[in-house]
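A quick write-up on the structure given underneath.
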Amino acid sequence: MNISGSIASIPNFERFIPAIQRTLSGESAMESANQPLTEDQLTIRELRREMMSLDTRSLGEIAIQMQNAQRPFMEYWTTNHPGQPRPGRIIHTDGSFTIITSTAQRDEVMNDFKMQWLADILTTFNAQNGSNNGSGSGFNVIA
Numbered sequence: 004m005n006i007s008g009s010i011a012s013i014p015n016f017e018r019f020i021p022a023i024q025r026t027l028s029g030e031s032a033m034e035s036a037n038q039p040l041t042e043d044q045l046t047i048r049e050l051r052r053e054m055m056s057l058d059t060r061s062l063g064e065i066a067i068q069m070q071n072a073q074r075p076f077m078e079y080w081t082t083n084h085p086g087q088p089r090p091g092r093i094i095h096t097d098g099s100f101t102i103i104t105s106t107a108q109r110d111e112v113m114n115d116f117k118m119q120w121l122a123d124i125l126t127t128f129n130a131q132n133g134s135n136n137g138s139g140s141g142f143n144v145i146a
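Listed below in structure tokens is the structure:
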């Protein structure tokens, strides 16, 4: 998904910036199980929904991309661990994967991804507005 185009397509995008900045600075916590959502967490969820609504891919295209992203993991696992049950895994949009062995590890990986996604959004926004105060890695979001 094109972050730059998505930001430009969201009306009043600036309303998300304070919540993004508080989350990135650690002032606002990431979501955690069995905890009520804060205003910042609700705002970040709204941003995620807005970004996903701008995704122009069909469900079939998304399904194919997800299947293609599974291939590297399946090849790795069947080659290196034949006959063993497959562990939990997180498939990244670049085709890489992370094998997870616990809920805590899954949460850590997902939180790292969310933080990088927010940093990329803030960097893109700052670049579009002439103030480049962040750094991004070019993550793309697969919904």
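Position 24 (the sequence shown) corresponds to 27 in this note's numbering; numbering is contiguous.
Yeah, the Cβ is synthetic: ideal placement off N, Cα and C, and Gly gets one too.
Closer than 6 angstroms: residue i CB and nearest the ligand SAH heavy atom
| i | result |
| --- | --- |
| Q70 | Although the ligand SAH was asked about, the structure shown includes no ligands whatsoever. |
For residue j and residue i, the rounded distance between their alpha carbons
| i | j | result |
| --- | --- | --- |
| P21 | L40 | 17 angstroms |
| Q87 | F76 | 14 angstroms |
| P85 | A107 | 26 angstroms |
| F19 | D115 | 19 angstroms |
| S9 | R51 | 11 angstroms |
| T81 | S99 | 16 angstroms |
Simplified DSSP state of residue i, which is helix, strand or coil
| i | result |
| --- | --- |
| I6 | helix |
| R60 | coil |
| R89 | coil |
| T81 | helix |
| T101 | strand |
| I94 | strand |
| G141 | Because G141 sits at a pLDDT of 40, beneath the cut-off of 50, its placement in the model cannot be relied upon, and the point is left open. |
| L40 | coil |
| M54 | helix |
| A11 | helix |
6 angstroms Cβ shell around residue i - same chain, five flanking residues per side excluded
| i | result |
| --- | --- |
| R60 | none |
Per-residue burial, residue i [other beta carbons within 10 Å of its own, 16 or more giving buried]
| i | result |
| --- | --- |
| N132 | exposed |
| I23 | buried |
| E45 | The identity of residue 45 in the sequence shown is Leu, whereas the question assumes Glu. It is exposed - the Cβ of L45 has fewer than 16 other Cβ atoms within 10 Å. |
| L224 | For residue 224 there is no data in the structure shown, the boundaries of the chain being 4 and 146. |
| I6 | buried |
| T104 | exposed |
| I67 | exposed |
| I65 | exposed |
Range covered by the alpha helix (DSSP H) that runs through residue i
| i | result |
| --- | --- |
| F19 | Counting along the chain, F19 falls outside any alpha helix (DSSP H), and DSSP gives it neither H nor E. |
| E111 | 106 to 131 |
Other residues of its chain near residue i: CB distance less than 8 angstroms, five sequence neighbours each side excluded
| i | result |
| --- | --- |
| T101 | R92, I93, H95, V112 |
| G63 | none |
Same chain, Cβ closer than 7 angstroms to residue i, neighbours up to 5 away in sequence not counted
| i | result |
| --- | --- |
| E34 | L40, Q44 |
| E53 | I13 |
| Q38 | none |
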